[in-house]
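Single-structure report; data block below.
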Amino acid sequence: IQEWRLHENQVSGAEADVSAPLPENEPGPAIPPPNEVKPVPPETDMPNLSMLLPAKLPGELSVQVIDHDYYKLAYLESHEQAAWVAYSLTREKLGGTHRRKDQFQEDHRVTTRSAHPDDYRFSGYDRGHLAPAADFTFSEQAMEKSFYMSNISPQVPGFNRGIWQKLEQQVRTWAREYEQLLVVTGPV
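Residues 1078 to 1265 in this note's numbering are what the sequence shown lists, from first letter to last.
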C-alpha cells in the first residue's frame, strides 16, 4: 500500500509553508502523445465508493452523494461545498487535448443548490478545484463537468496556486508511475 502524506516539513498545522516545493521524484513513464490518447468512457473503472467513503459525517451531518460520470462527490450543504470528491486517474487519461475554458457553473444536481460562480466575486478567494481540471483533459465533457461549483472549494490564492497545485502535479506523477489511482480530495 502506497503511503499518502505530504512532506513533513511542508505541513505543520496552521503554519504550513504553502510556497515550499514538494520533494523531487523520479519521473514516471512518458505520457503518450495526444494523438495516441484513447477516448475514455465515463468512470467504468470507479470502485463502489459507498463501501469506501462516508455518506454521513461525524456529528450527524448528512451529505448528498452525486455521481457526475467522471467523478463522484458528497455535497455538504452546511458548507456549500463537497465534503469529498473522488475519481479514478489512470496513465491513459493524462495528456489529453481538451483544455479548460474556465466556465464555472452551478451544479443543478445538488438538491439544495450549490454555490454560484458569483459567490466568489470580490471575495479574495480562488475557485479551487477539488478534482482538478488538469486531470480531465481526456474528454471535453469531463473537463466541463469539472467546473461544476460542487467541485470547487474557496482557496487562498497562494495556497491554490502554490502547494495545492504542486500536490495535484504530484498526483499526476504517481498516476503515470502506478498506472491507476483512486484520488480522494476534500476541503482543507
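Idealized CB from N, CA, C, for every residue including glycine.
Which residue from the options puts its Cα closest to that of residue i?
{"i": "residue 1252", "options": "1141, 1139 and 1165", "result": "1165"}
{"i": "residue 1149", "options": "1236, 1141 and 1163", "result": "1163"}
{"i": "residue 1168", "options": "1259, 1263, 1265 and 1264", "result": "1259"}
{"i": "residue 1236", "options": "1196, 1201, 1140 and 1186", "result": "1201"}
{"i": "residue 1199", "options": "1257, 1250 and 1234", "result": "1234"}
{"i": "residue 1170", "options": "1245, 1257 and 1215", "result": "1215"}
{"i": "residue 1203", "options": "1213, 1226, 1176 and 1211", "result": "1226"}
{"i": "residue 1211", "options": "1174, 1196 and 1197", "result": "1174"}
{"i": "residue 1278", "options": "1265, 1255 and 1197", "result": "Nothing about residue 1278 can be read from this structure; the chain reaches only from 1078 to 1265."}
{"i": "residue 1142", "options": "1228, 1217 and 1245", "result": "1228"}
Rounded to the nearest angstrom, what separates residue i and residue j at their Cα positions?
{"i": "residue 1147", "j": "residue 1182", "result": "17 Å"}
{"i": "residue 1230", "j": "residue 1178", "result": "18 Å"}
{"i": "residue 1209", "j": "residue 1138", "result": "26 Å"}
{"i": "residue 1188", "j": "residue 1154", "result": "9 Å"}
{"i": "residue 1083", "j": "residue 1263", "result": "Confidence at residue 1083 is low in this model, with a pLDDT of 30, below 50, so the placement of that residue should be treated as unreliable; the coordinate-derived value is given next. Cα to Cα, residue 1083 sits roughly 15 Å from residue 1263."}
{"i": "residue 1248", "j": "residue 1172", "result": "14 Å"}
{"i": "residue 1232", "j": "residue 1205", "result": "6 Å"}
{"i": "residue 1144", "j": "residue 1185", "result": "12 Å"}
{"i": "residue 1140", "j": "residue 1196", "result": "21 Å"}
{"i": "residue 1176", "j": "residue 1213", "result": "9 Å"}
{"i": "residue 1151", "j": "residue 1255", "result": "26 Å"}
{"i": "residue 1257", "j": "residue 1250", "result": "11 Å"}
{"i": "residue 1261", "j": "residue 1246", "result": "15 Å"}
{"i": "residue 1217", "j": "residue 1180", "result": "12 Å"}
I'd like to confirm the pairing. Which residues does DSSP put opposite residue i in its beta bridges?
{"i": "residue 1146", "result": "Note: residue 1146 sits in no beta bridge, so no partner."}
{"i": "residue 1166", "result": "1258"}
{"i": "residue 1160", "result": "In the DSSP output, where bridge partners are listed per residue, residue 1160 has none listed."}
{"i": "residue 1171", "result": "Residue 1171 is not bridged to any residue."}
(request) Determine, using beta-carbon pairs with one atom in the segment 1184-1196 and one in the segment 1153-1169, whether at least three such pairs fall under 8 Å. (result) Between the segment 1184-1196 and the segment 1153-1169, the count of C-beta pairs closer than 8 Å reaches three or more; the two stretches touch.
(request) Jot down the residue ranges of each uninterrupted alpha helix (DSSP H) in the segment 1180-1261, minimum 4 residues, whole runs only, in chain order. (result) Taking only runs of at least 4 residues, the alpha helix (DSSP H) segments lying wholly in the segment 1180-1261 are 1217-1222, 1234-1237 and 1240-1255.
(request) Decide yes or no for the touch test of the segment 1232-1245 against the segment 1215-1222: beta carbon pairs closer than 8 Å, at least 3 of them. (result) Touching, no.
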